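If you're matching positions, the sequence shown starts at 1050 in this note's numbering and goes up one per residue.
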Amino acid sequence: MNYIKDPKAIEKKSFEIISDIIENEHKGYKFNSEFEEKIIKRCIHTSADFDYLYNLKISPDFEQEIKKAVRDKATIYTDTTMAMSGISKVTLKKYGIDIKCFVADEETKVLAEKHNITRSMASVIRIFEERTPKIIVVGNAPTFLYKTIELYNIDKSDVRAVIGAPVGFVEAKESKDMLYKTNINYIAALGRKGGSNIAAAIINAILYSFE
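Written as structure tokens, this is what we have:
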């Protein structure tokens, strides 16, 4: 059987196809920056969904602030273990960045039961208790994103950036609309689409863009 076996060649070919489709089927489309282009194309590469050309929004100072966060070795906090597992460990190690997910911890379960809230919300409470620069990544739970915004408004707690990409039909769109209207440094996948794979793809694209 004759097919492409080299993973680098497969990825290169994929991005060539993506660029061709944008040029031919989305005529006149212009990226705002090379940084934005890399992130959006990585999302398309992950999902085969060209809607991200139009629904992925990046706050004005995001690129500058995320570079500072990486330089300061901010900890990445995810809402799911799936998002955490999708982020390149080799690249994280290269930049000396820790990554954490509290959702499955016993302490999170106890906190959620005590306050009658979701584990996602309890995870955010624990995140804000940690006194470290933070990059918060949301790919699944709107309640995680809502709680992040709520606590940020009370105590910014050195939150450097938020990736908002929860997917679904209940509050996913609304939570991202809320993020879009804040003064947080954000990337928001507006609408119902998103997911842990998209959240991970965004972080990977950010880190790869610095190489």
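Note that the Cβ used here is the ideal one computed from N, Cα and C, for glycine as well. In this text, all values refer to a predicted model and were calculated from it rather than measured experimentally.
Here S1172 is actually not in contact with L1194; their C-beta atoms are around 11 Å apart, not less than 8 Å.
DSSP, read as helix, strand or coil, puts R1120 in helix.
For the alpha helix (DSSP H) assignment, the uninterrupted runs of no fewer than 4 residues enclosed by the stretch 1072 to 1119 are, from N- to C-terminal side, 1083 to 1096 and 1101 to 1104.
Secondary structure of V1159 (DSSP, three-state): helix. Between I1093 and I1067, the CB-CB gap stays under 8 Å. Using a Cβ-Cβ distance cut-off of 8 Å, the stretch 1184 to 1193 and the stretch 1202 to 1216 are in contact, since at least three pairs of beta carbons, one from each stretch, lie closer than that value. For I1185, the three-state secondary structure derived from DSSP is strand. When the Cα atoms are used, F1177 and M1170 turn out to be separated by approximately 11 Å. For G1135, the enclosing alpha helix (DSSP H) starts and ends at T1130 to G1135. When the Cα atoms are used, E1060 and V1159 turn out to be separated by approximately 43 Å. Between the alpha carbons of G1243 and I1251 lies a gap of roughly 11 Å. For the set F1064, S1258 and T1167, the Cα lying nearest the Cα of T1192 is the one of T1167. Between the C-alpha atoms of P1182 and K1062 there is a straight-line separation of about 37 Å. Rounded to the nearest angstrom, the gap between the Cα atoms of F1259 and K1163 is 42 Å. For T1140, DSSP assigns no beta-bridge partner whatsoever. In this structure, T1127 is the residue among D1204, F1080, T1127 and T1197 with its C-alpha nearest to the C-alpha of A1153.
Between the alpha carbons of N1202 and A1132 lies a gap of roughly 25 Å. One alpha carbon belongs to T1157, the other to F1151, and they sit about 7 Å apart. With a beta-carbon spacing of about 7 Å, I1136 and I1125 fall inside the 8 Å limit used to define contacts.
Judged by DSSP secondary structure, R1209 falls outside any alpha helix (DSSP H) and instead within the beta strand (DSSP E) spanning V1208 to G1213.
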